[in-house]
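Letter 129 of the sequence shown, counting from 1, is numbered 130 in this note's numbering, and no numbers are missing.
Positions of the beta carbon are idealized from the N, C-alpha and C atoms, including for glycine.
Just so you know, these numbers come straight off a predicted model, no measurement behind them.
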Amino acid sequence: MLPQCIFNSKTLVNLCLLDCVCNPSTGAVSLPCLKSLNLYRIQYQVKKSLPHLLSGCPVLEELIVGGIADDDLNCFKIASTTIKSLSLDIGSGNVGNVKINAPALRYLEVEEYSSYEHIRLLPVSNLIEADIWLNNFVLEVDDLNFLNSLSNVNRLKLSGRVEQVCI
Numbered sequence: 002m003l004p005q006c007i008f009n010s011k012t013l014v015n016l017c018l019l020d021c022v023c024n025p026s027t028g029a030v031s032l033p034c035l036k037s038l039n040l041y042r043i044q045y046q047v048k049k050s051l052p053h054l055l056s057g058c059p060v061l062e063e064l065i066v067g068g069i070a071d072d073d074l075n076c077f078k079i080a081s082t083t084i085k086s087l088s089l090d091i092g093s094g095n096v097g098n099v100k101i102n103a104p105a106l107r108y109l110e111v112e113e114y115s116s117y118e119h120i121r122l123l124p125v126s127n128l129i130e131a132d133i134w135l136n137n138f139v140l141e142v143d144d145l146n147f148l149n150s151l152s153n154v155n156r157l158k159l160s161g162r163v164e165q166v167c168i
């Protein structure tokens with residue numbers, strides 16, 4: 002488990018955490034200068050850990066979350082009024098619902114290994130660019146609904162492996 006002092010720094014601008022246990026929900030989070038946060042293969046103790054961490058980052062502009070495969074999380078929430086760039090690598094675990102509320106979002110990258118049915122992107126009028134990886138071989142209605150939520154972007158890049166579209 003990471004020491005609580007990691008989540009309280011007046012000067013930290015970039016933070017990258019890899020392969021560790023994160024439980025900032027047990028104490029105060031104050032990262033007033035943090036602009037870039039990279040979380041890769043993090044084990045979250047409770048589902049409120051990430052929202053609590055983000056709430057203590059008032060100027061966060063870039064969030065990268067990779068290797069999300071925690072079967073204990075039935076809901077994964079990302080909420081921030083300042084995030085401009087968001088990259089998610091969902092992984093192959095059972096994450097449950099992913100809710101994204103980031104009204105300032107300009108760039109979105111998502112790599113999903115099963116289906117986009119559980120990803121909910123709240124309306125983002127500033128979204129300019131999206132890179133979406135389709136790795137589930139079969140594109141279903143829920144996947145198309147997610148793609149439809151990106152209809153206002155200027156640049157949409159779709160990559161991956163789709164062998165069948167089921168509508």
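What does a CB cutoff of less than 7 Å around Y117 pick up in its chain, not counting 5 residues either side in sequence? As a first step, residue 117 must be located in the sequence shown, where it is residue number 116. Within the same chain, Y117 has close Cβ partners D143, D144, F147.
Applying the criterion that 16 or more other CB atoms from any shown protein chain within 10 Å of the CB defines a buried residue, is V14 buried or exposed? Counting from 1 along the sequence shown, the entry for residue 14 is found at position 13. So V14 counts as exposed.
In the DSSP output, which residue or residues are listed as bridge partners for S118? As a working mapping, residue 118 is identified with position 117 in the sequence shown. Note that residue 118 is Glu in the sequence shown here, rather than Ser. The partner list for E118 (beta bridge, DSSP) is empty, contrary to what the question assumes.
Which same chain residues end up closer than 6 Å to L40 when comparing Cβ atoms and leaving out the 5 residues on each side of it in sequence? If you number the sequence shown from 1, residue 40 lands on position 39. Counting only Cβ-Cβ distances below 6 Å, and skipping sequence neighbours, we find L18, V66.
Apart from the five residues on each side of it in sequence, which residues of its chain come closer than 6 Å, Cβ to Cβ, to N155? Within the sequence shown, residue 155 is the residue found at index 154, counting from 1. Result list for N155: I129, in chain order.
Would DSSP call D90 helix, strand or coil? The sequence position of residue 90 within the sequence shown is 89, counting from 1. Secondary structure at D90: strand, using DSSP grouped into helix, strand and coil.
Rounded to a whole number of angstroms, what is the C-alpha to C-alpha distance between A105 and S126? Position 104 of the sequence shown holds residue 105. Position 125 of the sequence shown holds residue 126. A105 and S126: Cα-Cα distance of roughly 8 Å.
Environment of I21 [buried if 16+ CB atoms lie within 10 Å]: Within the sequence shown, the letter at position 20 stands for residue 21. In the sequence under discussion, the amino acid at residue 21 is Cys, which differs from the Ile named in the question. Under this definition C21 is an exposed residue.
T82 and V60 look like a contact to me (Cβ under 8 Å); what is the Cβ gap, rounded to whole Å? Indexing the sequence shown from 1 puts residue 82 at position 81. Indexing the sequence shown from 1 puts residue 60 at position 59. With a Cβ gap of about 10 Å, T82 and V60 do not count as contacting.
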